[in-house]
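Just so we're aligned: 332 in full-length UniProt numbering is position 332 of the first sequence, and the numbers increase by one with no gaps anywhere. For every residue, glycine included, the Cβ atom is placed at its ideal position computed from N, Cα and C. Predicted, not measured: the structure shown is a model, and the values here were computed from it. Single-structure report; data block below.
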Amino acid sequence: MGIALTRVFVTRSVNPLKISMLDEISWHGSGATRSGAHVFVSNIHPPNVNYFSNMEVPLSLSPALQNLPFRPTQTHESRHWNSLIKHHTKLKDDHAILDTYTKMESSGILPDTATLPLVLKACGRLQAIDRGKKLHNAVLDTDLVSDIRVQTALVDFYSKCGMLMNAHKVFDEMTDRDVVSWNAMISGCVGCFEYLQALILFARMQNGNLKANSVTVVELLRACGELFELRLGKEIHGYCLRHGLFNSNPHVDTSLMGFYLKCAPSVASLVFEMLDSRNSISWNTMISGYVNHGDYLKSLELFISMLIEGFECDSVTMLVVIKACAEYGNLELGMQVHQLVIKFGYSNMHIINALMNMYNKFADFRSSYELFNSILTKDVALWNSMLSCSIESGFIDESVSILTEMQLDDIQINERTLVIILRLCAHLSNGLVNGKSLHAYAFKIGKEKNTYVGNSLVNMYALFNRVEDATRVFTKIKVSDVISYNVFISGLVYNKLKFQAWEMFIQMLDLEIKPNSQTVTSILAAFDSGEFFNVGRSIHGYVMKCGVQIDASLNTALTEMYINCEDEETGRGLFEKYPDKDLISWNSLLSTYIKNNQEEKALILFHRMISRVKPTIVTIINVLSLYTQLSNLPQGRCLHAYTLRRFSSLDRDLSLANAFITMYARCGSLEYAEKVFNSLPETDIVSWNAMIAGYGMHGCGDDAMMTFSKMVKEGIKPTQVTFVSALSACSHSGMIHKGLVLFHSMVQDFCITPERVHYACLVDLLARGGLLNEAKDVIETMPMAPDASTWRALIGACRIYSDTHMAKSAFENLIELEPTNAGNYVLLSNIYAANGLWSEVKNLRLIVKNKGLKKPAGRSWIVNKSKLYFFAAGDKTHAQSDKIYKKLTFLLTSVKEMGYVPDLRWVLHDADDERKLARVSSHSEKLAIAFGLISVNGGSPILITKNLRICGDCHEFSKYVSKLTKRIIILRDASRFHHFVDGSCSCKDYW
DNA sequence: CTAGGGTTAG
1 MGIALTRVFV
11 TRSVNPLKIS
21 MLDEISWHGS
31 GATRSGAHVF
41 VSNIHPPNVN
51 YFSNMEVPLS
61 LSPALQNLPF
71 RPTQTHESRH
81 WNSLIKHHTK
91 LKDDHAILDT
101 YTKMESSGIL
111 PDTATLPLVL
121 KACGRLQAID
131 RGKKLHNAVL
141 DTDLVSDIRV
151 QTALVDFYSK
161 CGMLMNAHKV
171 FDEMTDRDVV
181 SWNAMISGCV
191 GCFEYLQALI
201 LFARMQNGNL
211 KANSVTVVEL
221 LRACGELFEL
231 RLGKEIHGYC
241 LRHGLFNSNP
251 HVDTSLMGFY
261 LKCAPSVASL
271 VFEMLDSRNS
281 ISWNTMISGY
291 VNHGDYLKSL
301 ELFISMLIEG
311 FECDSVTMLV
321 VIKACAEYGN
331 LELGMQVHQL
341 VIKFGYSNMH
351 IINALMNMYN
361 KFADFRSSYE
371 LFNSILTKDV
381 ALWNSMLSCS
391 IESGFIDESV
401 SILTEMQLDD
411 IQINERTLVI
421 ILRLCAHLSN
431 GLVNGKSLHA
441 YAFKIGKEKN
451 TYVGNSLVNM
461 YALFNRVEDA
471 TRVFTKIKVS
481 DVISYNVFIS
491 GLVYNKLKFQ
501 AWEMFIQMLD
511 LEIKPNSQTV
521 TSILAAFDSG
531 EFFNVGRSIH
541 GYVMKCGVQI
551 DASLNTALTE
561 MYINCEDEET
571 GRGLFEKYPD
581 KDLISWNSLL
591 STYIKNNQEE
601 KALILFHRMI
611 SRVKPTIVTI
621 INVLSLYTQL
631 SNLPQGRCLH
641 AYTLRRFSSL
651 DRDLSLANAF
661 ITMYARCGSL
671 EYAEKVFNSL
681 PETDIVSWNA
691 MIAGYGMHGC
701 GDDAMMTFSK
711 MVKEGIKPTQ
721 VTFVSALSAC
731 SHSGMIHKGL
741 VLFHSMVQDF
751 CITPERVHYA
761 CLVDLLARGG
771 LLNEAKDVIE
781 TMPMAPDAST
791 WRALIGACRI
801 YSDTHMAKSA
811 FENLIELEPT
821 NAGNYVLLSN
831 IYAANGLWSE
841 VKNLRLIVKN
851 KGLKKPAGRS
861 WIVNKSKLYF
871 FAAGDKTHAQ
881 SDKIYKKLTF
891 LLTSVKEMGY
901 VPDLRWVLHD
911 ADDERKLARV
921 SSHSEKLAIA
931 FGLISVNGGS
941 PILITKNLRI
951 CGDCHEFSKY
961 VSKLTKRIII
971 LRDASRFHHF
981 VDGSCSCKDY
991 W
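See the structure below:
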């Protein structure tokens, strides 16, 4: 896509890429901002320039007229031209009017008072600015210029062309004004979105004792509708009733309905009921009113009544009804309307466009495509639809060629095109480059500050983690709407900038932009831990107070917020009470429980869920991550079988297959992980990463490296993630040299800039290998500040090599980063203890005690016959507790005879030796092993999982037990797998 | 001088 999109632009005359190079440098500078602002003003607003300076032709007679004697009287010739223009006007052929006028001009004949307005009108409709101005110029020295009809036509022409200042100028210079000229000026303002200006003009008109007629009323109602001026609109309604304008002029009737549909929808249907006579336009107004309010059923019912009452529907009816069918989800009716369209021959661009979008909504891309090809003249809107249809259907390459064709057809792309392509860029991994060129292009054509374009740019930048760029664009948007704030807030939350997101939410309230359910859903995602409980709850309060509609996703967000903020009961209550729980509600509660380590609740929920709704791939991946966390291999295998039944294979979704690979590897079964991996017809980088990480954590460094080489050989490019797994695999297997080579190769051959994690891996690798000083060098010279895990890696190695001095200095750095992590103190204490520095040990204990720090409770568990058995240190809650302790006592006695000596240094809390011995003898790992030996069938390995890193004493103990019982014990701790076989461990005591 | 209409966020 990256290259292709570039190519599209490069081949055409409009070349955003070229622009981007210039503007990427300049739009950050202040100079560009000024010129940008100018571009913006001239594009969106009518230019604020002097009327006369805008005249291209000097204020004199045109050259043709100068050479000819002026002929003011109606000749036979001029009568012929004038009547010809009138004829073309009747036929609504604007081009013919202008052509005729050109011929007239070259004969030196001016149109008469009656004809000139017709020509100006045609100029206005065709946006023929130059022709109109020239015409104005030509009549300046004639009597025509003081004719009220001509002046009115000029007002109309200028406002139609967006040159409101010029219109005002002509209007202000009029000596005599009638209702029609006032109307023209008012209508001009409304046409240029200057609604307030229109109302002010109306006030001026009333001062001049002129009465509003039906035309005035129609324009005023539109202005009131746009300004949500309900009161003034109602007064105008009253005026219509008093002056007999209601039920006598269909324009007025329809405008009233249109106004009420905007400001007070229920009144609109009352007005409609009261109409003496209806036409297709009044029906269409009502139908489209319902569509705009999202009441598609009502709109379709109204359409049916229209047919029953025998009204003829026109192409607009079709258009609106097609949209209603699409939104309501009624393909059958939509296709019937399509047949009507064909029958009546209404195949214009609008209709084709609506039909394309309808079919695409029903996932029928083919029909959309055929419709698109069925029409010969296509405007930019049609192309835009084609683009968004193909993107929506996932045809990325095709949409690029559509873009190419668009450029080949010389279609001038507009802001909607930009929005559509920007959305595509935002979703392509390499879309940032193209997104930036589109930004430059938007800037160039003065659309950067457009609300829609700005919103899309903000979204695109935020998704590429370019918060600064997103912020810059956001602040430049001229008129920010709810969507601008939604996009920006969710972008900030996505980039973990919670505080800024909250500030934006407050700003939005200050500016009285009412947050909708999506705003709240986005901001709630920021409040994901206990400290945000109050602010999260206040948002819930806001939702209730201000009546923000609670849809399924908002309810889900509220539920998640409460559970993340440790108020599970309220969260759960919201979930249970919500009537329209969808799959997303179930999936997200499930994943929230999993994230918050509420495994049992998650499992119960999953079983309840599958009895009610059909789980999706997302559900499976969620539950898999739960089984992975829990090392629940038997359940993982069951889920594998279930998934094969439900989705027939894993091939359909690679992320699903990859989740299975990870699950098997982390549940201790490399064999099954390999089986899944080898069965895949296609693999991606994640599959390979999962295998490399799997080998690494089991201490199979050679397999990890072989997999790495194989992957590179198959042409798959390793990512940063790959190197984290591969480097730590080397580290865990003591392959120092290979690891160093790999690190080098990452930079040299794969052009990957090492990040913090990679340096952490490097430090770990060197330090474990005994190269403590080299490791320290890395820490001191790495380009970014080391994080806690880097220092921890160094301290861990200091334990193996008994370097208390370095351990201490590393520790000081570590607690600066993590002052409240009790585990860090344990780490140092163990090193002091191992080296007999008892006073230091005591000192550390005191610090921990004074600070009130607590080590998280150690938990070990084991799966037996698909059931989980959890153990804490000294746990006696298990049903077979007596048997377990009996077995443990037996094991302890036996291994002591083999040479095992309990190592009391692993008890941090101060106590006498006897208590320490009791404590270390009932560690959760030991209890789990004892239970495993009495419950797991002989022969199969005993698989134990621990939430923290294994205790050193338990590690020794496990080695002896494996020798004593001739059983394989596989223990997964927080950092890796330990395979205990016949008295030794796969980690080679190297952990 | 005037009423209803297609393509635009995640």
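Measure the CB-CB distance between S924 and G858 and report whether it falls below 8 Å.
Counting from 1 along the first sequence, the entry for residue 924 is found at position 924. Counting from 1 along the first sequence, the entry for residue 858 is found at position 858. The Cβ atoms of S924 and G858 lie closer than 8 Å to each other.
Which same chain residues end up closer than 8 Å to N835 when comparing Cβ atoms and leaving out the 5 residues on each side of it in sequence?
Your numbering for residue 835 matches position 835 in the first sequence. Once the five neighbours on either side are set aside, the close Cβ partners of N835 are S802 and T804.
At the level of alpha carbons, what is the spacing between A767 and L740?
As a first step, residue 767 is located in the first sequence; it is residue number 767 there, counting from the start. As a first step, residue 740 is located in the first sequence; it is residue number 740 there, counting from the start. Roughly 12 Å separates the two Cα atoms.
Same chain only: Cβ atoms within 8 Å of P856, ignoring 5 sequence neighbours per side:
Reading the first sequence from its first residue, position 856 is the one you call residue 856. Taken in chain order, the residues that qualify are A822, G823, N947 and L948.
Please classify residue 1014: is it buried, with 16 or more other beta-carbons within 10 angstroms of its beta-carbon, or exposed?
The question about residue 1014 has no answer, for the chain in this structure spans 1 to 991.
In the stretch 900 to 981, which residue ranges form an unbroken alpha helix (DSSP H) of at least 4 residues, counting only runs that do not cross its ends?
DSSP runs (the alpha helix (DSSP H)) wholly in the stretch 900 to 981: 913 to 921, 924 to 935 and 952 to 965.
Starting from F871 and walking both ways along the beta strand (DSSP E), at which residues does that stretch end?
Here residue 871 corresponds to residue number 871 of the first sequence, with the count starting at 1. F871 -> beta strand (DSSP E) spans K867 to A872.
Residue burial classification, D989 (beta-carbon count within 10 angstroms, cutoff 16):
Counted from its first residue, the first sequence places residue 989 at position 989. The C-beta of D989 has fewer than 16 other C-beta atoms within 10 Å across all chains shown, which makes the residue exposed.
Pairwise C-alpha distance: I621 and F532:
By one-based count along the first sequence, residue 532 stands at place 532. By one-based count along the first sequence, residue 621 stands at place 621. Straight-line measurement puts the Cα of I621 at about 28 Å from the Cα of F532.
With 16 other Cβ atoms within 10 Å as the buried cut-off, status of T479:
Here the question's residue 479 lines up with position 479 in the first sequence. Looking at the sequence itself, residue 479 is Val, so the reference to Thr does not match. With a threshold of 16 other beta carbon atoms within 10 Å, V479 falls short and is exposed.
Since L794 and K808 should fall inside the 8 Å C-beta cutoff, what is the C-beta to C-beta distance between them, to a whole number of angstroms?
Within the first sequence, the letter at position 794 stands for residue 794. Within the first sequence, the letter at position 808 stands for residue 808. Not really, about 11 Å apart at Cβ, beyond 8 Å.
Take V218 as the anchor and find which of F890, N207 and Y239 has the nearest alpha-carbon.
Against the first sequence, residue 218 aligns to sequence position 218. Of F890, N207 and Y239, the residue nearest in Cα terms is Y239.
Take E774 and list the residues in its own chain whose beta-carbon comes closer than 8 Å to its own, dropping the five residues that flank it on each side.
Indexing the first sequence from 1 puts residue 774 at position 774. Around E774: L766.
Taking the alpha carbon of V145 as the reference point, which residue from H88, M174, H243 and C730 has its own alpha carbon closest?
Taking the first residue of the first sequence as position 1, residue 145 is located at position 145. Of H88, M174, H243 and C730, the residue nearest in Cα terms is M174.
At 4 residues or longer, and completely inside the stretch 440 to 497: list those alpha helix (DSSP H) runs for me, N to C.
The alpha helix (DSSP H) runs lying completely inside the stretch 440 to 497 and spanning 4 residues or more are 451 to 463, 467 to 476 and 482 to 494, given in chain order.
Separation of K378 from L408, as counted between CA atoms
Here residue 408 corresponds to residue number 408 of the first sequence, with the count starting at 1. Here residue 378 corresponds to residue number 378 of the first sequence, with the count starting at 1. Cα-Cα distance, rounded: 13 Å.
Helix, strand or coil: how does DSSP classify S106 here?
Walking along the first sequence from the start, residue 106 turns up at place 106. Helix.
Can you tell me whether DSSP reads residue 1015 as helix, strand or coil?
Residue 1015 lies beyond the residue range present for the chain, which begins at 1 and ends at 991; the question has no answer from this structure.
Could you tell me which whole alpha helix (DSSP H) segments of length 4 or greater appear in the stretch 259 to 289?
The stretch 259 to 289 contains these whole alpha helix (DSSP H) runs: 265 to 274.
When you measure from the CB of R756 to every non-hydrogen atom of the ligand PLP, does any distance come out below 7 Å?
What this structure holds is no ligand at all, so the ligand PLP is not there to describe.
If we call anything under 8 Å between Cβ atoms a contact, is I862 one with L943?
Within the first sequence, numbered from 1, the residue matching residue 862 stands at position 862. Within the first sequence, numbered from 1, the residue matching residue 943 stands at position 943. With respect to L943, I862 sits close: the two C-beta atoms are nearer than 8 Å.
Closest by CA to I129, which one among V341, E105 and N166?
Taking the first residue of the first sequence as position 1, residue 129 is located at position 129. For I129, the nearest C-alpha among the options comes from N166.
Under 8 Å, do T254 and S280 count as touching if we go by C-beta distance?
Residue mapping note: residue 254 aligns to position 254 of the first sequence, counting from 1. Residue mapping note: residue 280 aligns to position 280 of the first sequence, counting from 1. No; because the gap between Cβ atoms is not below 8 Å, this pair is not in contact.
How would you label F890, buried or exposed, when you count the other beta carbons within 10 angstroms and need 16 or more for buried?
To locate residue 890, count along the first sequence from 1; it is residue 890. Within 10 angstroms of the beta-carbon of F890 lie fewer than 16 other beta-carbons, which makes it exposed.
Please classify W81: is it buried, with 16 or more other beta-carbons within 10 angstroms of its beta-carbon, or exposed?
Along the first sequence, read from residue 1 onward, the residue named residue 81 stands at position 81. Result: buried.
Exposed or buried, Q412, counting other C-beta atoms within 10 Å across all chains shown (16 or more means buried)?
Mapped onto the first sequence, residue 412 falls at position 412. With a 10 Å radius around the Cβ and a threshold of 16 neighbouring Cβ atoms, Q412 comes out exposed.
I want to know whether the stretch 287 to 295 touches the stretch 254 to 268 - three or more CB-CB distances under 8 Å.
They touch, by the three-pair rule.
Is there contact between the stretch 590 to 601 and the stretch 616 to 633, where contact requires at least three CB pairs shorter than 8 Å?
A contact exists between the stretch 590 to 601 and the stretch 616 to 633.
Identify whether V763 lies in helix, strand or coil by the three-state DSSP scheme.
Position 763 of the first sequence, counted from the first residue, corresponds to residue 763. V763 falls in the helix class under three-state DSSP.
Note down the Cα distance separating S88 from F505, rounded to an integer number of angstroms.
Your numbering for residue 88 matches position 88 in the first sequence. Your numbering for residue 505 matches position 505 in the first sequence. For the record, residue 88 in the displayed sequence is His; it is not Ser. In this model, H88 and F505 are separated by some 57 Å (Cα to Cα).
Contact between the stretch 729 to 745 and the stretch 777 to 788 is defined here as three or more beta-carbon pairs at a separation below 8 Å; is this criterion met?
Not touching, per the Cβ criterion.
I'd like the list of long-range same chain contacts for N190, defined as Cβ closer than 6 Å, with 5 residues on each side in sequence excluded.
The residue labelled residue 190 in the question sits at position 190 within the first sequence. Rather than Asn, the amino acid found at residue 190 in this sequence is Val. Only A198, E219, R222 and A223 meet the Cβ criterion.
Going by beta carbon distance, what residues of the same chain come within less than 6 Å of T285, once the five residues before and after it are set aside?
The sequence position of residue 285 within the first sequence is 285, counting from 1. T254, M257 and G258, listed in sequence order.
May I have the straight-line CA-CA distance separating G899 from G983, to the nearest angstrom?
For this step, residue 899 is matched to residue 899 along the first sequence. For this step, residue 983 is matched to residue 983 along the first sequence. Just so you know, the alpha carbons of G899 and G983 end up roughly 12 Å apart.
Less than 8 Å between the C-beta atoms of K86 and L118, yes or no?
Taking the first sequence and counting its residues from 1, one reaches residue 86 at position 86. Taking the first sequence and counting its residues from 1, one reaches residue 118 at position 118. Using a Cβ distance threshold of 8 Å, K86 and L118 count as a contacting pair.
Please report the Cβ distance between V482 and N516, rounded to the nearest whole angstrom; I am assuming they are in contact, meaning their Cβ atoms lie under 8 Å.
In the first sequence, counting from the first residue as 1, residue 482 sits at position 482. In the first sequence, counting from the first residue as 1, residue 516 sits at position 516. Confirmed, about 6 Å.
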